[in-house]
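Worksheet for the structure shown next.
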Amino acid sequence: MSMRVPLAPSRKRLSLTVRVSILLIAAVVLPLMITVGVGELILRPTLIAQATSEMGNDAQTHEQAIDSLFIARLQDLGALGQFFAIQRFLSGEALYKQQARDELALGYRLDQNYSAWTLFDTHGKVLLSYPTLQPAPRGKYMIAPEIMAQLQSAHKTVISDVYFDSNTHMAFVDMYTSIASPQGALLGIGRSTLKLSDIWTAVNNETNATAGSYAMIIDGHGVRIGYTNTDTTLTTQPPALFKAITKPSPQFQQRIQDEDLYGNSHAAVTTLVDPVLEQQNAQGPATFQFTPALQSEAFQAYKVQCLVVPWTYIVLRPVNTITKAANQQDIYLLLLAAVITLLAAVVGLVVGRNLTRPILGSVASLIKSSEMLKTFAAREQATATEQKWIVESAETGLKAVQYYAGASGVAARRLGEVGQRLTQHWERLDAPRIRQQVGEIMSAAHYIEQAAVHEEKSSKTLSTAIRITTQVTDQLLSGATSATEAADQLEGVIAQLRRVVGE
Amino acid sequence: MNRVGQRAPMRSILMGILVLASMLLASCDSGPTNNAKGPSAANGGKGCSKIGILLPETTSSVRWETKDHPLLELAVKSAIPNAQIDYSNAQGNSATQLSQAETDLANGDCMLIVGAHDSVAASSIVAKAKAQNVPVIAYDRLIQSKDLNYYVSFDNVKVGQIQGQYIVDHYQEYQPQQAPITGLLATQQAQKAAAVHIVMISGSQTDTNALLFSMGVHTALDPLFANGSLKNVSENFTPNWDNNVAQAEMEAALADQQNNIQIAYVANDGMADGAITALKAANLNGKVLVTGQDATATGIHNILIGAQSMTVYKPIAKEAQSVGDLVKALYNGTDVNGLTHGVTTTTFDGGNVPSILAVPVAVDRNNIASTVIADNYLSKSDVCAGIPAGTAGVC
């Protein structure tokens, strides 16, 4: 009993060539995709960390430069305050006035950003100044009261809030020191006025770091006293300069007016609210992200508090520039992946085609073999049917022959018996009986004749069976030949497939 | 077939790879800060035998390499025989010096002796050292940080005072050129022109000592300026103590004053040599009182040939020995008050740094033999090249 093996449900599958191509693409592109994924997971945060670190170094470098600058300038002031002629002049020896002025000039030359050196008496009255004879007041005062209050003991130093010179368009601070005699007696007050040119230049140069980067300095009152100026001609001020990040207290607003801080008389100090910056500046971590006032995108910020002055130096860089390298790398990787995908597809198609050509040839051979085998099977089926018929015919013929042989035997015996009876009882037979016996002989002869006829028919049937058997034999030979050919073709297919897949 | 048995080697391989990767990552993560070693890394110098010596430059004065460097190493090794010394010279660059200090700290140096290139910039060195509890001894130049542990130098105001006092004592020997004018006008002109012209070439404005020297010299000279005996015709600080810049400053002053200059206050011997070059070009060699400092071979030679009038001998061996004494005290963990005697130096930020301040000595041709030669600070062969025998009792 034959069993038909159930076939898997057929589904439409891609050709082997395409599948090989896809596999090659996957083999090539998957690592790239993994790289991109890893890049997203590791590289991007690393880049942000690196950029933040760079910003931190940048901010700290600037903060240290500011501190160093003020330390050095305070050192100048402290040393000059101990110069002999200055001390004598402040002690009231007018003989030393010129020499004291020369020493102020010496101090003035210590830094090109000095705009004035001035000596005051202990009450804040100007005694001597260089290069101008009479320095301009700071608003209502020559020395602001809260500064004077701090200078009433020896060896005190104070750095003022920021002023703005509308003539030079430059911010400046006053540095004060109380000058005492070697015995500790308070003699007067020394003041050096330092332009913030270098500091503003450093802030302006922050644009060199990366595209869109900038910096600002916020003083202890929350006023932006330094802000990167994108106007390279420096003919205009940055819009956020001297604007407070939060509304100043009424007391400080009064001080701004009284002392003309931040060039208030030139351009009134206003507020450009930045609550995030205010909060982060007050108590936030060193680095944070926010969208600053006047900006429309997120910035990474790094702040460093100066040590000598209550200023905060903040470096800001657009977040997208920080991740630019990662983005670029992603783009490059994707482009690379696209190119490699294309190449892999082409190579895959070529390789797949070369790979599948023998297979396809084998398939064609298999199809041919299959068709041959189908034909052979059909022939075999027909042959089997014929053989069955032949067998049945032969059986029938054989039975008929056997039957008629038996019948002929019976008829012959009856003829024999009739003949014996006629021989034995010939004398006693009368004509009816003879006619009866002859009738029986004729009946038997007829019977034999019929049997002969049937035998002839059976013989014809058998003859036909023999003929058909011969034909079947021929067909079987032909089928065997076809099967051999099919087997040869299958062997060829196997050989081809072995060449494809290897031994 | 036992598939578990098949997977076991694969698991072992994967585990091995993971372990290897972890080790690699761990090795990648280990930064230089982990390299700090030595028993005194967090011990304020006690038991510390790995010491960093950082000197500022080589251009302004040969003293740093020819004197300070060997003397400091000798003093430290005398104090701690098994001391390991990391020596660096910043070659006039503050950033380089900071980097050298960072390297020293990373290498486990547990005591730093710093001759700062920049008094302010070097505060970063102090901050970094403090973070590792490494004491810093500022050598010769103050570092402006209240966290500075010790300061060993000379009394630098005194140096300036000595230079100034020498001028005070000798300026009258260098009278200005007199114009051929007669009559009352001539008398008035003579009185007006009697002021001796002085050029003042100070050191670098980034060096605290330069201001202290200037302060000292002004202390001595200001009365003469005030009474008109001296006229300060030019006064400049010289970036990086550069000898060529000093020469240019002298040349500019000579040109400005039409060579009518009698005194050149020059802060150190190296710059004095530059000024002398300018004076030679103006045929004023030996006719102008030139000061100096450091008692270098060049300076002493210039004194012996009459081109330079004086120098300030700061017995560097004594200064270095003070460092050695301090290092030994720190190594042993003993009280340093016996060395500082309560002397402190103030920094801008209110620091009072325990200090050992040695007193310098004025040297002119009269006492070369009894000072720098007698101390073996310099040898005759160092200073007598081309000088007739018997000169100043030295050569």
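Chains A and B, in that order, are what the protein sequence lines are. Going by my numbering, the first residue of the first sequence is number 970, and it counts up by one from there. Going by my numbering, the first residue of the second sequence is number -18, and it counts up by one from there. All residues carry an ideal CB built from backbone N, CA and C; glycine is no exception. These figures come from a predicted structure and were not determined experimentally.
Residues of chain A with CB under 7 Å from S105(B), in chain order? Walking along the second sequence from the start, residue 105(B) turns up at place 124. Per Cβ cutoff of 7 Å: Q1033.
Tell me, please, whether the CB atom of E300(B) is closer than 8 Å to any CB atom in chain A? Taking the first residue of the second sequence as position 1, residue 300(B) is located at position 319. No, because no Cβ of chain A sits closer than 8 Å to the Cβ of E300(B).
**Report entry** In DSSP terms, what E216(B) is bridged to
**Finding:** Mapped onto the second sequence, residue 216(B) falls at position 235. DSSP, once it has assigned bridges, lists M181(B) as partnering E216(B).
> Hey, quick one: how far does the alpha helix (DSSP H) through G1050(A) stretch, first residue to last?
Replying inline: Within the first sequence, numbered from 1, the residue matching residue 1050(A) stands at position 81. In the DSSP assignment, G1050(A) falls within the alpha helix (DSSP H) that extends over 1013 to 1050.
Legend entry - Three-state secondary structure (DSSP) of T1507(A): No answer is possible for residue 1507(A): it lies beyond the span of chain A, which begins at 970 and ends at 1472.
>> Is there a C-beta anywhere in chain A that falls below 8 Å from the one on T187(B)?
In response: Looking up residue 187(B) in the second sequence gives position 206. Interface with chain A (8 Å Cβ-Cβ cutoff): T187(B) is included.
inquiry  = Between D356(B) and chain A, is the shortest Cβ-Cβ distance under 8 Å, so that the two count as touching?
reply    = Here the question's residue 356(B) lines up with position 375 in the second sequence. No, D356(B) lies away from the interface with chain A (no Cβ there is under 8 Å from its Cβ).
_Minimum length 4: unbroken alpha helix (DSSP H) runs contained in the region 35 to 65 of chain B_ = Listed in chain order, the alpha helix (DSSP H) elements of length 4 or more contained wholly in the region 35 to 65 of chain B are 50 to 60.
Checklist entry - In its own chain, which residues sit with a C-beta less than 7 Å from the C-beta of R346(B), not counting the 5 before and 5 after it? => result Sequence index remark: in the second sequence, residue 346(B) carries index 365 (1-based). Only residues of its own chain outside the window of five on either side were considered, and among them I284, L285, A373 have a CB closer than 7 Å to the CB of R346(B), listed in chain order.
- Message: Less than 8 Å between the beta carbons of L1088(A) and I1055(A), yes or no?
- Response: For the purposes of this step, residue 1088(A) is identified with residue 119 of the first sequence, where counting begins at 1. For the purposes of this step, residue 1055(A) is identified with residue 86 of the first sequence, where counting begins at 1. Yes, Cβ-Cβ distance for L1088(A) and I1055(A) is below 8 Å.
Excluding five sequence neighbours on each side, which residues of the same chain lie with their C-beta closer than 6 Å to the C-beta of E1409(A)? As a working note, residue 1409(A) is residue 440 in the first sequence. Within the same chain, E1409(A) has close Cβ partners V1387.
In terms of residues, what are the limits of the alpha helix (DSSP H) holding A87(B)?
Residue numbering aside, residue 87(B) sits at position 106 when the second sequence is read from its first letter. In the DSSP assignment, A87(B) falls within the unbroken alpha helix (DSSP H) covering 75 to 87.
* Asked: chain B beta carbons: is any one of them nearer than 8 Å to that of Q1274(A)?
  -> Counted from its first residue, the first sequence places residue 1274(A) at position 305. Cβ-Cβ to chain B under 8 Å: no for Q1274(A).
Original post:
Mind pulling the beta strand (DSSP E) runs of 3 or more residues that sit fully within the region 251 to 318 of chain B?
Top reply: As far as the region 251 to 318 of chain B is concerned, its whole beta strand (DSSP E) runs of at least 3 residues are 292 to 294.
- Task: Excluding the 5 residues preceding and the 5 following L1210(A) in the sequence, name in chain order all residues of the same chain whose CB lies nearer than 7 Å to its CB.
- Result: Here residue 1210(A) corresponds to residue number 241 of the first sequence, with the count starting at 1. Excluding residues up to 5 positions away in sequence, R1193, Y1196 lie with their Cβ nearer than 7 Å to the Cβ of L1210(A) in the same chain.
Please name the residue, chosen from A103(B), K261(B), A245(B), that lies closest to S290(B) on a Cα-to-Cα basis. As a first step, residue 290(B) is located in the second sequence; it is residue number 309 there, counting from the start. S290(B) has its Cα closest to that of A245(B), out of A103(B), K261(B), A245(B).
**Asked** Could one say the Cβ of Q1051(A) lies closer than 8 Å to chain B's Cβ atoms, at least one of them?
**Response** Position 82 of the first sequence, counting from 1, holds the residue named residue 1051(A). Yes - at least one Cβ of chain B is within 8 Å of the one on Q1051(A).
- request: Check M1111(A) in the structure and name its three-state DSSP category.
  value: Your numbering for residue 1111(A) matches position 142 in the first sequence. Note: M1111(A) maps to coil in three-state DSSP.
Problem set entry | Which listed residue (A229(B), A175(B), K309(B)) has its alpha carbon closest to that of A60(B) | Taking the second sequence and counting its residues from 1, one reaches residue 60(B) at position 79. Cα-wise, what sits closest to A60(B) is K309(B).
* **Beta bridge counterpart(s) of I1128(A) as assigned by DSSP** => As a working note, residue 1128(A) is residue 159 in the first sequence. Note: I1128(A) sits in a beta bridge opposite M1144(A).
**Message:** Between which residues of its own chain and R1160(A) is the CB-CB distance below 6 Å, once the five residues before and five after are set aside?
**Reply:** Residue 1160(A) sits at position 191 when you count from the first residue of the first sequence. Taken in chain order, the residues that qualify are T1087, D1143, Y1145.
- Task: Using the Cα positions of I1214(A) and P1244(A), report the straight-line distance between them to the nearest angstrom.
- Result: By 1-based counting over the first sequence, the position of residue 1214(A) is 245. By 1-based counting over the first sequence, the position of residue 1244(A) is 275. Rounded to the nearest angstrom, the two C-alpha atoms are 7 Å apart.
- Coil, strand or helix - G1159(A) by DSSP: Numbered from 1 along the first sequence, position 190 holds the residue referred to as residue 1159(A). Correct three-state label for G1159(A): strand.
DSSP three-state call for F1133(A): helix, strand or coil? The residue you call residue 1133(A) lines up with position 164 of the first sequence. In the structure shown, F1133(A) adopts extended strand secondary structure according to DSSP, grouped into three states.
Notebook entry, point to check: Does DSSP put W1086(A) in a helix, a strand or coil?
Noted result: Start at 1 with the first residue of the first sequence, and residue 1086(A) comes out as number 117. The answer is strand: DSSP assigns W1086(A) an E or B state.
| query | Whose C-beta lies closer than 8 Å to the C-beta of G197(B) among residues of the same chain, with five residues either side of it excluded? | reply | Locating residue 197(B) in the second sequence gives position 216, counting from the first residue. Same-chain partners within the cutoff: N137, V138, K139, V140, G141, Q142, I143, Q144, G145.
Check your understanding: Since G1047(A) meets chain B, which of its residues come closer than 8 Å, beta carbon to beta carbon?
Key -> Here residue 1047(A) corresponds to residue number 78 of the first sequence, with the count starting at 1. Those within 8 Å of G1047(A) in chain B are F329.
| request: Please report how far the alpha carbon of A2(B) lies from the alpha carbon of V997(A), in whole angstroms. | output: By 1-based counting over the second sequence, the position of residue 2(B) is 21. By 1-based counting over the first sequence, the position of residue 997(A) is 28. Note that A2(B) scores 39 on pLDDT, short of 50, meaning its location in the model is unreliable; the coordinates nonetheless yield the value given after this. Each residue's CA atom was taken as its position, placing A2(B) and V997(A) some 24 Å apart.
Short Cβ contact (8 Å threshold) for G267(B) with A288(B): What you label residue 267(B) is simply residue 286 of the second sequence in a count that begins at 1. What you label residue 288(B) is simply residue 307 of the second sequence in a count that begins at 1. In this structure, G267(B) lies near A288(B), with their beta-carbon atoms less than 8 Å apart.
**Asked** Are three or more beta carbon pairs between the region 1266 to 1281 of chain A and the region 1251 to 1258 of chain A nearer than 8 Å?
**Response** Contact between the region 1266 to 1281 of chain A and the region 1251 to 1258 of chain A is present, because at least three Cβ pairs lie under 8 Å.
Whole angstroms are fine: how far does the CA of T1325(A) sit from the CA of L1446(A)? By 1-based counting over the first sequence, the position of residue 1446(A) is 477. By 1-based counting over the first sequence, the position of residue 1325(A) is 356. Their Cα atoms are separated by approximately 36 Å.
Practice item. Starting from the beta carbon of M196(B), find every residue of chain A whose beta carbon is closer than 7 Å, and list them in chain order. Key: Counting from 1 along the second sequence, the entry for residue 196(B) is found at position 215. Per Cβ cutoff of 7 Å: A1048, Q1051, F1052.
Near G1330(A), what residues of its chain come up, given a Cβ to Cβ distance below 7 Å and the 5 sequence neighbours on each side ignored? On the first sequence, position 361 is the one that residue 1330(A) refers to. Sequence-distant Cβ neighbours of G1330(A) in its own chain, meaning closer than 7 Å and more than five residues away, are Q1465.
field: Contact between the region 1303 to 1312 of chain A and the region 1055 to 1072 of chain A (3+ Cβ pairs under 8 Å)
entry: As far as the Cβ criterion goes, the region 1303 to 1312 of chain A does not touch the region 1055 to 1072 of chain A, which means the pair count is below three.
**Request:** Run down chain A in chain order and give the residues with a C-beta less than 9 Å from the C-beta of N241(B).
**Result:** Residue 241(B) sits at position 260 when you count from the first residue of the second sequence. Within chain A, no residue comes near N241(B); the closest Cβ sits about 18 Å away, beyond 9 Å.
Quiz item: Going by the beta-carbon positions, is the gap between D128(B) and K111(B) smaller than 8 Å?
Solution: Along the second sequence, one-based indexing puts residue 128(B) at 147. Along the second sequence, one-based indexing puts residue 111(B) at 130. For D128(B) and K111(B), yes; Cβs fall inside 8 Å.
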